[in-house]
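K.L.:
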Amino acid sequence: MKLSLGVKLTASFLVVTSFWFAAFGVLANLVLERQFRKYVIEDQERKNGELVNLLQSRYKSLSGWNESDLESIGVSMLSEGLILRVRDAKGNMLWDAMAHNMGFCTAMLEDMAKNMQRIRPGFKGGYTERSYTLSSGNAVIGSVDIGFYGPYYYSDSDVRYLRALNVLLVWTAAACALFAMLLGAGMARRLTTPIGHVIKAAKKIAKGEYADRIREKSGTVEISELTGSINLLAESLERQEIIRKRLTGDIAHELRTPLATLQSHLEAMIDGVWEPDKERLASLHEETLRLNKLTYDLEKLARYDSEKMILEKKGFDLAQLIKRIVTNFQSVFLADGISLKYFTEPLEITADEDKISQVLVNLIANAQKFTGRGGEVKITLTKKEETAEVSVSDTGQGISEKDLPYIFERFYRADPSRSRTTGRSGIGLAIAKAIVLAHKGSITVKSEEGRGTVFTVELPIK
Ligand SMILES: Nc1ncnc2c1ncn2[C@@H]1O[C@H](COP(=O)(O)OP(=O)(O)OP(=O)(O)O)[C@@H](O)[C@H]1O
Ligand SMILES: [Mg+2]
Numbered sequence: 006m007k008l009s010l011g012v013k014l015t016a017s018f019l020v021v022t023s024f025w026f027a028a029f030g031v032l033a034n035l036v037l038e039r040q041f042r043k044y045v046i047e048d049q050e051r052k053n054g055e056l057v058n059l060l061q062s063r064y065k066s067l068s069g070w071n072e073s074d075l076e077s078i079g080v081s082m083l084s085e086g087l088i089l090r091v092r093d094a095k096g097n098m099l100w101d102a103m104a105h106n107m108g109f110c111t112a113m114l115e116d117m118a119k120n121m122q123r124i125r126p127g128f129k130g131g132y133t134e135r136s137y138t139l140s141s142g143n144a145v146i147g148s149v150d151i152g153f154y155g156p157y158y159y160s161d162s163d164v165r166y167l168r169a170l171n172v173l174l175v176w177t178a179a180a181c182a183l184f185a186m187l188l189g190a191g192m193a194r195r196l197t198t199p200i201g202h203v204i205k206a207a208k209k210i211a212k213g214e215y216a217d218r219i220r221e222k223s224g225t226v227e228i229s230e231l232t233g234s235i236n237l238l239a240e241s242l243e244r245q246e247i248i249r250k251r252l253t254g255d256i257a258h259e260l261r262t263p264l265a266t267l268q269s270h271l272e273a274m275i276d277g278v279w280e281p282d283k284e285r286l287a288s289l290h291e292e293t294l295r296l297n298k299l300t301y302d303l304e305k306l307a308r309y310d311s312e313k314m315i316l317e318k319k320g321f322d323l324a325q326l327i328k329r330i331v332t333n334f335q336s337v338f339l340a341d342g343i344s345l346k347y348f349t350e351p352l353e354i355t356a357d358e359d360k361i362s363q364v365l366v367n368l369i370a371n372a373q374k375f376t377g378r379g380g381e382v383k384i385t386l387t388k389k390e391e392t393a394e395v396s397v398s399d400t401g402q403g404i405s406e407k408d409l410p411y412i413f414e415r416f417y418r419a420d421p422s423r424s425r426t427t428g429r430s431g432i433g434l435a436i437a438k439a440i441v442l443a444h445k446g447s448i449t450v451k452s453e454e455g456r457g458t459v460f461t462v463e464l465p466i467k
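For the record, in the sequence shown the residue sitting at position 244 is 249 according to the numbering used here, with numbers rising by one throughout.
Here you go:
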């Protein structure tokens with residue numbers, strides 16, 4: 006059965022409070038009752054002692070036993086549940102409550118037994134008697150037997166007192182249960198509101214709506230991380246969506262022009278409008294070459310872009326590699342009127358040399374393409390603690406802030422309109438990034454429009 010967080014939280018709070026109060030109630034009753042029983046028994050003994058004192062003082066003040074005085078004491082004691090039997094020093098009966106009113110005494114004892122059974126079912130009690138010797142100075146003046154319901158008896162007021170304690174306990178438990186419910190509901194609301202937002206956002210994402218972000222901040226670490234991740238997910242999906250649309254559009258655009266040219270030229274030739282002469286066939290061939298490069302680029306990208314890029318790592322001197330690449334580029338840079346310099350120190354790293362070479366070639370080719378006559382391109386190799394850092398900086402046109410986040414994406418070109426003439430596919434950086442990431446390195450860019458660009462590649466040495 007699926008239950009909401011609110012119900013579960015409230016229920017668990019309730020269970021905890023109920024359990025606590027049940028345990029506390031049983032324990033409190035046990036302890037209290039034991040104390041109370043002790044008190045009642047002691048109270049009975051105190052009363053007996055007082056009665057003995059009373060009888061002795063009556064004897065003294067009346068200079069002997071007075072039967073009517075004893076009767077009034079005996080009757081008043083009966084009303085307190087005490088059944089007296091007083092004898093003089095010789096053992097003659099002076100007052101016997103039982104003899105005085107047998108019916109009342111047995112009724113009273115039965116009543117007490119019934120009362121105790123009601124409060125404590127199964128209570129083992131009954132008529133109990135204690136005998137005391139009465140004396141005046143050193144002389145024995147008689148004896149008294151005090152009969153009562155024992156081992157102890159709870160009077161009505163005692164019962165009321167015990168009940169009141171339990172009622173208080175029940176009310177406190179009820180108040181705490183209410184508080185637990187409110188607390189549970191409140192906490193659940195604080196947890197479920199942001200989760201509700203996450204659910205809503207996730208559903209929207211599933212439908213392909215990525216624009217919304219969860220703005221509420223939560224004080225719970227996990228919830229805050231959850232909303233953060235959902236926001237991040239939406240952001241990256243939104244970016245991917247933009248790139249995907251652009252990519253599809255780009256491929257369609259790239260294909261359309263050469264295909265349209267091919268189609269119209271071939272139709273003209275079939276219809277006999279055009280002679281299939283050498284020049285026209287060469288132009289058609291050029292278009293097929295363009296299509297071929299595009300499919301080749303796409304294929305290469307798919308290969309480098311896959312997660313499981315196979316690296317053939319070995320140790321080599323990165324400085325030597327840079328020197329070789331620069332030598333290859335020298336003539337192109339010379340023709341373009343751009344100066345190309347490098348600053349290196351020997352630095353042995355373990356990596357896939359061919360693929361690292363591809364990264365550097367792509368970066369240097371970009372620098373050359375986007376730097377005008379009279380510009381300067383610099384390659385620097387620096388050894389960091391555990392990494393090798395290669396930076397390629399140019400004094401070219403730079404990249405606008407709007408384009409900067411996208412240049413590593415496939416087929417992204419800052420100025421697509423000019424790309425057909427310059428033969429750019431917009432995948433050089435995507436490939437470079439894929440290779441660097443496969444080496445567990447990083448590639449970053451800093452650029453200022455109109456001033457130049459710096460690409461920095463960091464590779465682990467080992
Ligand atoms: N050094 C640079 N200076 C200015 N802009 C650059 C530089 N390097 C890259 N860019 C921008 O980033 C875009 C993407 O570069 P990338 O190398 O991926 O593609 P490309 O050079 O256009 O095409 P390809 O490398 O596939 O032939 C470029 O089109 C350009 O707009
Ligand atoms: Mg490039």
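Idealized CB from N, CA, C, for every residue including glycine.
1) For Trp100, which residues does DSSP report across the bridge?
2) Please report the straight-line C-alpha distance between Ile338 and Tyr417, rounded to a whole angstrom.
3) Can you tell me whether Ala370 sits near ligand 2, meaning its C-beta is under 7 Å from at least one heavy atom of the ligand?
4) Considering only their Cβ atoms, is the gap separating Ile204 from Ala239 smaller than 8 Å?
5) Can you list, in chain order, the stretches of the alpha helix (DSSP H) that have 4 or more residues and sit fully within the segment 420-466?
6) Is Leu442 a contact residue of ligand 4, with contact defined as CB to any heavy atom under 7 Å?
7) Can you give the Cα-Cα distance for Glu50 and Tyr154, rounded to whole angstroms?
8) Using the rule of at least 16 other Cβ atoms within 10 Å of the residue's Cβ for burial, across every protein chain shown, is Arg125 buried or exposed?
9) Hey, could you find the ends of the alpha helix (DSSP H) Phe3 is sitting in?
10) When burial is assigned at 16 or more other CB atoms within 10 Å of the CB, is Ile151 buried or exposed?
11) Would you check whether ligand 1 has a heavy atom nearer than 7 Å to the C-beta of Asn333?
12) Just to confirm my understanding: we take Phe341, look at its own chain, exclude 5 residues before and 5 after, and list those with CB closer than 7 Å. What are they?
13) Quick check on DSSP: helix, strand or coil for Lys222?
14) Counting pairs of Cβ atoms below 8 Å between the segment 137-150 and the segment 177-197, do you hit three or more?
15) So Arg194 is in the alpha helix (DSSP H); what residue range does that whole segment cover?
16) Report the three-state DSSP secondary structure of Asp399 (helix, strand or coil).
17) Does DSSP put Arg249 in a helix, in a strand, or in coil?
18) Closest by CA to Leu368, which one among Ile354, Val331, Ala356 and Leu352?
19) Look up Ser81 in the DSSP assignment and say whether it is helix, strand or coil.
20) Between Thr266, Trp100 and Ser84, which lies nearest to Ser73 when the distance is taken from Cα to Cα?
21) Hey, would you say the C-beta of Gly433 is under 7 Å away from at least one heavy atom of ligand 2?
22) For Asp253, count the other beta carbons within 10 Å of its own beta carbon; 16 or more makes it buried, fewer makes it exposed. Which is it?
23) Near Ile1, which residues of its chain fall below 8 Å by C-beta distance, leaving aside the five closest residues on each side in sequence?
24) So what does DSSP say about Leu345, is it helix, strand or coil?
25) Would the beta-carbon of Ile235 fall within 8 Å of that of Ile200?
26) Quick one: is Thr426 buried, meaning 16 or more other Cβ sit within 10 Å of its Cβ, or exposed?
27) Per DSSP, what kind of secondary structure is Lys13 in: helix, strand or coil?
28) Applying the criterion that 16 or more other CB atoms from any shown protein chain within 10 Å of the CB defines a buried residue, is Gly96 buried or exposed?
29) Beta-carbon within less than 6 Å of Asp408's beta-carbon, same chain only, minus the 5 sequence neighbours each way: which residues are those?
30) Taking only three categories from DSSP, how would you classify Phe109?
31) Sort Ile247, Met192, Gln335 and Lys212 by Cα distance to Ser223 and report the nearest one.
32) Cβ of Ile440 within 8 Å of Cβ of Tyr301?
33) Could you check whether the Cβ of Thr449 sits closer than 7 Å to any heavy atom belonging to ligand 1?
34) Report yes if the CB atom of Lys305 is closer than 8 Å to the CB atom of Thr355, and no otherwise.
35) Can you tell me the Cα-Cα spacing of Ile248 and Arg261, whole angstroms?
P.N.:
A quick look at the data gives this:
1) Val91
2) According to the sequence displayed, residue 338 carries Phe and not Ile. Taking the straight line joining both Cα atoms gives about 25 Å.
3) yes
4) no
5) 424-427 and 433-443
6) In the structure shown, ligand 4 is absent; the only ligands present are ligand 1 and ligand 2.
7) Roughly 13 Å separates the two Cα atoms.
8) exposed
9) In the structure as shown, the chain starts at 6 and stops at 467, and residue 3 therefore has no counterpart that could be examined.
10) buried
11) Not so, every heavy atom of ligand 1 lies at least 7 Å from the Cβ.
12) Per the sequence shown, residue 341 should be read as Asp rather than Phe. Gln373 and Arg378, listed in sequence order.
13) coil
14) no
15) For Arg194, the enclosing alpha helix (DSSP H) has its first and last residue at Asp161 to Ala211.
16) strand
17) helix
18) The option with the nearest alpha carbon to Leu368 is Val331.
19) helix
20) Trp100
21) Yes, the beta carbon of Gly433 sits closer than 7 Å to at least one heavy atom of ligand 2.
22) A small correction: the amino acid at residue 253 is Thr; Asp does not occupy that position in the sequence shown. Around the beta carbon of Thr253, fewer than 16 other beta carbons sit within 10 angstroms, so the residue counts as exposed.
23) Because the chain spans 6 through 467 in this model, residue 1 falls outside it and cannot be assessed.
24) strand
25) no
26) Its pLDDT being 49, under 50, Thr426 is placed unreliably in this model, and the coordinates cannot settle the point.
27) helix
28) exposed
29) Only Ala419 meet the Cβ criterion.
30) helix
31) Met192
32) no
33) no
34) no
35) 19 Å
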